[in-house]
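Here is the structure we will look at.
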Amino acid sequence: MATTALPAPRPGRSTFERLTRLRSANERLFYGLVGFVVVLVVWELAASLGLYRRSLLSSPSFIWRAAVADFGNGTIWPHLVTSLTEYSLGFAAALVIGIPLGLAIGTFRRLDHFVSLLLFGIYSTPKAAIAPLIILLAGIGLESKVILVFLLAFFSVIVSTTAGVHAVAERHREIAKSFGASTWLEFRSVLLPTTVPFLLTGIRIASGRALVGVVVAEELAANEGIGYYIEFNGQFLDTSRVMLGVVLLGLFGIALGEFVRRLEKRFEVWRPELHH
41 MATTALPAPR PGRSTFERLT RLRSANERLF YGLVGFVVVL VVWELAASLG LYRRSLLSSP
101 SFIWRAAVAD FGNGTIWPHL VTSLTEYSLG FAAALVIGIP LGLAIGTFRR LDHFVSLLLF
161 GIYSTPKAAI APLIILLAGI GLESKVILVF LLAFFSVIVS TTAGVHAVAE RHREIAKSFG
221 ASTWLEFRSV LLPTTVPFLL TGIRIASGRA LVGVVVAEEL AANEGIGYYI EFNGQFLDTS
281 RVMLGVVLLG LFGIALGEFV RRLEKRFEVW RPELHH
């Protein structure tokens with residue numbers, strides 16, 4: 041009996057399928073990168089065609105040359121290290137203080153009444169308005185930058201954490217108590233799972249606000265940092281380096297936001313709205 045030969049597999053098909061699956065699993069990121077590349081291409085074409093003056097907005101190719109020069113000779117590294125240090129210390133302080141305080145405020149009604157007006161008053165005050173006062177009190181060193189970063193990130197963390205505690209259904213807490221659950225067990229099995237998704241949302245928002253705090257503080261009074269790098273080069277109309285600083289801040293914000301967003305997606309099933 042004659043046998044029918046099976047068609048040979050197409051070369052590269054498995055690689056294509058893997059890339060397709062990878063794109064499907066990261067669809068939002070994939071199309072975001074495509075959009076970013078399109079913007080760069082249009083930007084460069086507009087500069088090449090003379091639709092605007094490069095001295096005003098630079099161009100991707102000029103920014104790339106500035107990046108190669110400043111990373112190559114090492115002049116930008118101290119600015120990056122300084123800004124990252126300010127950001128890390130201020131943001132970490134906001135998490136360490138904001139998360140426990142938000143849990144406490146959400147849990148204890150009288151504590152909420154005691155501190156809510158004070159916190160709302162500080163939150164409503166524009167941080168750019170009190171930044172000169174902070175610099176006057178703490179100086180132009182590391183301390184003033186960390187304080188401003190902390191203030192900008194702290195309230196996003198505490199508000200989201202408190203909202204997460206308030207989202208816990210009272211009937212769930214009553215069920216836990218009816219089974220004789222201790223306070224710690226109730227916190228671990230009922231309150232914390234509901235609060236975590238809200239907390240991660242607050243952390244994502246706070247990460248962007250903290251980055252704004254770094255730039256504002258450094259542009260007001262500093263002698264090092266990415267904000268100072270942008271301000272200094274702006275005074276000499278070096279738009280390529282100004283845009284380089286902006287791009288670096290944007291890339292850092294995107295990377296950090298994407299990391300927290302993936303954590304949010306992992307814990308999204310803990311949100312109470314999804315169980316209705």
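Just so we're on the same page, the working numbering is the position in the sequence shown counted from 1, plus 40.
Even glycine gets a Cβ: it sits at the ideal position worked out from N, Cα and C.
Discussion item. Measuring only the C-alpha atoms, how far is F343 from A261?
Written reply: An answer regarding residue 343 cannot be provided, because it is not within the stretch 41 to 316 covered by the chain.
Worksheet entry | Start and end residues, alpha helix (DSSP H) containing Y32 | For residue 32 there is no data in the structure shown, the boundaries of the chain being 41 and 316.
Worksheet entry | Cβ neighbour criterion (16 or more within 10 Å) applied to H119 | H119 is buried by the Cβ-count criterion.
Worksheet item: Would the beta-carbon of L141 fall within 7 Å of that of I198?
Response: Going by C-beta atoms, L141 is nearer than 7 Å to I198.
Fill in: Start and end residues, alpha helix (DSSP H) containing T147
In the DSSP annotation of this structure, the continuous segment of the alpha helix (DSSP H) that includes T147 starts and ends at W117 to T147.
Worksheet item: How close, in whole Å, do the beta carbons of A250 and G138 come, if the pair is a contact with beta carbons under 8 Å?
Response: The beta-carbon separation of A250 and G138, rounded to 11 Å, does not stay under the 8 Å limit for a contact.
Discussion item. Using 8 Å for Cβ pairs, my map puts G242 next to S200. What's the rounded Cβ distance?
Written reply: About 3 Å separates the beta carbon of G242 from that of S200, a gap short enough to meet the 8 Å contact definition.
Practice prompt. State the DSSP-derived secondary structure class of P233, mapped to helix, strand or coil.
Written response: DSSP places P233 in helix when its eight states are reduced to three.
Worksheet item: What do you reckon, are the CB atoms on G293 and L239 nearer than 7 Å?
Response: Against a cut-off of 7 Å, the Cβ pair of L239 and G293 comes out as no contact.
Worksheet item: The alpha helix (DSSP H) with E183 in it runs from where to where?
Response: According to the DSSP assignment, E183 belongs to the alpha helix (DSSP H) that extends over L182 to H206.
Worksheet item: Straight-line CA distance for A144 to V236?
Response: Computed Cα separation, rounded: 14 Å.
Worksheet item: In chain order, what residues of the same chain lie with their CB nearer than 7 Å to the CB of I180, ignoring the 5 residues before and after it?
Response: Excluding residues up to 5 positions away in sequence, A261 and A262 lie with their Cβ nearer than 7 Å to the Cβ of I180 in the same chain.
Discussion item. With H, G and I counted as helix, E and B as strand and the rest as coil, what does DSSP make of T165?
Written reply: The answer is coil: DSSP assigns T165 none of H, G, I, E or B.
Worksheet item: With DSSP run on the structure shown, which of helix, strand or coil describes G72?
Response: The DSSP-derived three-state label of G72 is helix.
Fill in: Whether A132 touches A193 by CB criterion (7 Å)
Judged by beta-carbon spacing, A193 lies beyond the 7 Å limit of A132, meaning their Cβ atoms are not closer than that value.
Worksheet item: Just how far apart, CA to CA, sit S123 and S156?
Response: One C-alpha to the other measures close to 32 Å.
Fill in: R301 Cβ short of 6 Å to the ligand HEM heavy atom set
This structure does not include the ligand HEM; it has no bound ligands of any sort.
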